[in-house]
Amino acid sequence: MTPTGRAVLVSGASKGIGRACALELDRRGFRVFAGTRNPDDGTTLSAASGGRIVPVPLDVTRESDVAAAGRLVTEATGGAGLWGLVNNAGAVYAGPLEHLPVDALRAQFEVNVFGAVALTQACLPALRAARGRIVNVSSVNGRIVSPFSGAYAASKFALEAVSDALRRELARVRAGIKVVVIQPGAVATPIWETSRDRAIALAERLPPEARDHYPRLMEALRKTRTPPQAVPAGRVAVVVRRALTTRWPRTRYRVGWDARAGVLIAWLLPDALVDLLLVGRLGRKGHAAR
Ligand SMILES: NC(=O)c1ccc[n+]([C@@H]2O[C@H](COP(=O)([O-])OP(=O)(O)OC[C@H]3O[C@@H](n4cnc5c(N)ncnc54)[C@H](OP(=O)(O)O)[C@@H]3O)[C@@H](O)[C@H]2O)c1
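For the record, in the sequence shown the residue sitting at position 207 is 654 according to our numbering, with numbers rising by one throughout.
So this is what it looks like as structure tokens:
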């Protein structure tokens, strides 16, 4: 399938996987609309593409931004419609579920789940016109859950369910829209640093007994860093591009050996064994897969 001139909207394109996707898709001939929260990031990204990438102000948790982005791509693409929507914007709120403030859990879902669903709804008229594709960036944590990643993993499990529902609903009405899930393992992006800083800030808000309940928590959170097996963001971008161009895309693509191993472990092993494998993981290595 030739990308030439086909329009794609990527959310969370200011850095990391989203930025790599926007640049990869632009290089391959797509007409890229790049959603960023900070307009300066959009301008910088557009400049990096020689002005071809169209910046779109987009905080996926703001209804007005989402509606405006939907309108913009619908009007800009006209009858041709939107070929691809890459729901990539994401964040991590880490910490023990026992004490994690419920507002943090809500914020986690606002970005990773509700934001993705809202943007999909806003773009569906244009996606229908093109009989296009929705690519949802999930995670190996959409299949397997590490300690202190409960909120994040719950949001990615929800994104997986949303993707299955959309795929089946759209197939039922023969809308011609394919829904693809990407499950990366660890990827070298700023998310590790951002999530560590957010987790430390959250941990400081926890009640004093949290430190007794989880004595090595702060130490473990402080040790969060990009794991050695992390692949470059460009590896994920190539898989996203493939999902948008191959004639018959798979429903799920895993990126990295740790993603393949994680999914296989969750699928094959009984919970009791997975518990044994994962219970000490954060404390020993100081990080968990995103
Ligand atoms: N890196 C990994 O190891 C890994 C592994 C598996 C899955 N993933 C998933 O891959 C996706 C991208 O992650 P990444 O590693 O590239 O992270 P990143 O480098 O931290 O980039 C996250 C992007 O999402 C944007 N974003 C955050 N909240 C947003 C909001 N409310 N509205 C719109 N955009 C928002 C950020 O914008 P700002 O710059 O404005 O903050 C940034 O552009 C996420 O869905 C993540 O869960 C990552």
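Note that beta-carbon positions come from the ideal geometry of N, C-alpha and C, so glycine has one too.
Check, Outcome
"On the criterion of 16 or more Cβ atoms from any shown chain inside 10 Å, does Val-503 qualify as buried, or is it exposed?", "buried"
"Could you please give me the residues that DSSP links to Gln-630 through a beta bridge?", "Arg-701"
"Identify whether Pro-679 lies in helix, strand or coil by the three-state DSSP scheme.", "strand"
"Would the C-beta of Pro-655 count as close to ligand 1, meaning under 6 Å from any of its heavy atoms?", "no"
"What is the DSSP secondary structure of Pro-502, reduced to helix, strand or coil?", "strand"
"Determine the DSSP secondary structure at Thr-483, reduced to helix, strand or coil.", "strand"
"Taking contact to mean 3 or more Cβ pairs, one atom from each stretch, closer than 8 Å, check whether the region 493–503 and the region 599–613 are in contact.", "no"
"Helix, strand or coil for Asn-588 per DSSP?", "helix"
"How many Å lie between Pro-655 and Pro-543 at the Cα?", "13 Å"
"For Ala-565, collect the residues of the same chain with a Cβ closer than 8 Å to its Cβ; drop the 5 residues on either side in sequence, then sort them by chain order.", "Val-507, Glu-510, Val-513"
"Is it buried or exposed, Thr-483, if we count other Cβ atoms within 10 angstroms and call 16 or more buried?", "buried"
"In terms of residue numbering, what span does the alpha helix (DSSP H) encompassing Leu-566 cover?", "563–577"
"Going straight from the alpha carbon of His-546 to that of Arg-615, what length do you get?", "36 Å"
"With distances taken Cα to Cα, identify the nearest neighbour of Val-683 among Met-448, Ala-469, Ala-454, Glu-607.", "Ala-469"
"Taking Ala-789 as the reference, which of Leu-529, Asp-473, Arg-474 has the closest Cα?", "Coverage of the chain is limited to positions 448 through 737, which leaves residue 789 absent and any answer about it impossible."
"Name the two residues that bound the continuous alpha helix (DSSP H) containing Val-560.", "Per DSSP, Val-560 belongs to no alpha helix (DSSP H) and is neither H nor E."
"Would you kindly work out how many angstroms separate the C-alpha atoms of Ala-677 and Ser-496, rounded to a whole number?", "26 Å"
"Please name the residue, chosen from Ala-680, Trp-695, Ala-648, Thr-673, that lies closest to Met-665 on a Cα-to-Cα basis.", "Ala-648"
"Between Gly-623, Ala-719, Pro-548, which lies nearest to Ile-581 when the distance is taken from Cα to Cα?", "Gly-623"
"Please report the distance separating the alpha-carbon of Cys-570 from that of Leu-617.", "14 Å"
"Going by C-alpha to C-alpha distance, which of Thr-451, Asn-534, Tyr-540, Leu-574 sits closest to Val-520?", "Leu-574"
"How long is the line joining the alpha carbons of Val-592 and Asn-559, rounded to whole angstroms?", "16 Å"
"Counting only the same chain and skipping the five closest in sequence on each side, list residues whose C-beta sits under 8 Å from that of Asp-473.", "Val-479, Ser-496, Arg-499, Ile-500"
"Go through its chain and collect everything with a Cβ distance to Arg-590's Cβ below 7 Å, but skip five positions before and after it.", "Gln-630, Gly-709, Val-710, Ala-713"
"Around the C-beta of Leu-720, are 16 or more other C-beta atoms found within 10 angstroms, so that it is buried, or is it exposed?", "exposed"
"How far does the beta strand (DSSP E) with Ala-454 in it reach, from first residue to last?", "454–457"
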